[in-house]
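**Q** Just dropping this structure here.
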Amino acid sequence: MRVPKVAAINDLSGLGRCSLTAAIPILSAMGVQACPLPTAALSNQTGFESFASVDLSEQIPRFSCEWRKRGVTFDGIYTGFLNGPAQAGQIADWINQFRTPQTHVLVDPVLGDRGHIYPVFDRTMIAAVRALVTKADIITPNLTEACILAGTSYEEAMRSDRLDTIRLAACALQKQGPSTVVITGIPRGEQIVNAVFSPQGEHLIATQRLGDGFSGTGDILASVLCGGLIRGMEPKTALDLAAALLQKAIVHTFAEGADPNDGVAFEPYLYLLTDREAYQ
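Residue numbers (this note's numbering): 677 to 956.
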C-alpha cells in the first residue's frame, strides 16, 4: 500500500513539544510520511522567557526547487507557525505551486492566544494569514485566532454561555474559503471545548480542563486532524481521536507537575494513533 505524503510547513523548536516535533511523530504514527519544510529553527518555543531563532525564509525556494526537480506531489499540505507576513505570502505561493486537485490543505493560522496577538507578530500578520486561509480546505484556529480572523469580539465569545458567537465566527471563516473550520481551546467552566463546523454539520467535544494551558496542544490536535483526514476519517472522528490523545497526555503532564512551556507528554500515547482499522 502506498504511504501518503504530507508537506509539513512549520518551525522546528528544540524544546516545547510543538510544531514539527509534534507533527512528524504523530503523522508517522498514523501511517503518513511527513515531509518537513521548516520555516524557522528555534532553540525553544516562543512561550519561554527567551529564545534563539533563525528565519529560514531564504531557504524555502531552494527546498522547493529540489522538490520540483523530483516531481514530488503531496496528499496533504499542513501549515503552522510562519515567521511573518512576507513568509506567509511565500507559503501561499508555495501552496499554489504544489497543490493538486487531490491535495488536502490544512492551515493552522498561528496568530495569538488568550485574546491577544503573539508578541512576535504585529497586525500586518493578520491580513497575511487571512490570505493564506483562502487556500485551505480546513483550518484549525484557537478561539483567539478564530475571532481575529472573523472580525468577531473575543470578549463576546468568552462571555456567551452558548456558542452562538462562535458559530457566527465559524460561518464567517467558511465564507473566506475553507469548507471545514475546527475551533480549538474554547473554555467553558471546568471544561475545554473543541468544535468542528463542516458541510456534514457541527460536532463538539468537551474534555476536562487541567492547569492554565500547555505548549503545543493546538499543534497536536491539528496534526492528528491532518493525519486522520489523509487516512479518510471524517473531521468529527479525527477530532474525537485528537481529543482522546490530548486528554491522556494532559492528565499525565499535569500529574507530573511539569512546566507547561515544555508541552504535554504525548509520546506514551502515540499507540492510540497506530490502529490501522481506524483508517479503513
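Just so it is clear, CB atoms sit at the ideal spot from N, CA and C, and this is done for glycine as well.
Whole alpha helix (DSSP H) runs in the region 825-895 with 4 or more residues, listed along the chain?
**A** 830-835, 840-851, all fully within the region 825-895.
**Q** Please say whether ALA925 and ALA941 have beta carbons closer to each other than 7 Å?
**A** Yes, Cβ-Cβ distance for ALA941 and ALA925 is below 7 Å.
**Q** Looking only at DSSP bridge pairs, what is TYR754 linked to?
**A** Beta-bridge pairing links TYR754 to ALA684, LEU782.
**Q** Does the region 751-763 come into contact with the region 778-790, if we say contact requires no fewer than three beta-carbon pairs (one atom in each stretch) closer than 8 Å?
**A** As far as the Cβ criterion goes, the region 751-763 touches the region 778-790, which means the pair count is three or higher.
**Q** Is there at least one Cβ from chain C nearer than 7 Å to GLU734's Cβ?
**A** Any reference to chain C falls outside this structure, which holds one protein chain only.
**Q** Grab the span of the alpha helix (DSSP H) containing SER695 for me, first residue to last.
**A** Element bounds for SER695: 695-705.
**Q** If we ignore side chains and look at the alpha-carbon of each, how far apart do ASP789 and ILE868 end up?
**A** Answer to the nearest angstrom: the Cα atoms are 14 Å apart.
**Q** Measuring CA to CA, which of PHE724, GLN773, GLN766, ASP769 is closest to LYS745?
**A** Minimum Cα distance to LYS745 is reached at GLN773.
**Q** Could you pull out every residue in the same chain whose Cβ sits closer than 8 Å to the Cβ of ARG806, ignoring the five residues on either side in sequence?
**A** Contacts found: LEU825, GLN852.
**Q** Helix or strand or just coil, what does DSSP make of SER729?
**A** Looking at SER729 - three-state DSSP - the assignment turns out to be strand.
**Q** Our contact map puts THR828 next to GLY791 with C-beta atoms below 8 Å; I'd like the distance itself, whole angstroms only.
**A** Not a contact, Cβ separation roughly 12 Å.
**Q** So what does DSSP say about ASN720, is it helix, strand or coil?
**A** Three-state result, ASN720: coil.
**Q** If you draw a straight line from the alpha carbon of LEU839 to that of GLY747, how long is it in whole angstroms?
**A** In a straight line, the C-alpha of LEU839 is about 45 Å away from that of GLY747.
**Q** Quick test of your reading: VAL708 and GLY892, contact by CB under 8 Å. State the CB separation rounded to the nearest angstrom.
**A** The Cβ separation is near 19 Å, so there is no contact.
**Q** State buried or exposed for PRO714, treating a residue as buried only when at least 16 other CB atoms are found within 10 Å of its CB.
**A** Per the 10 Å Cβ criterion, buried.
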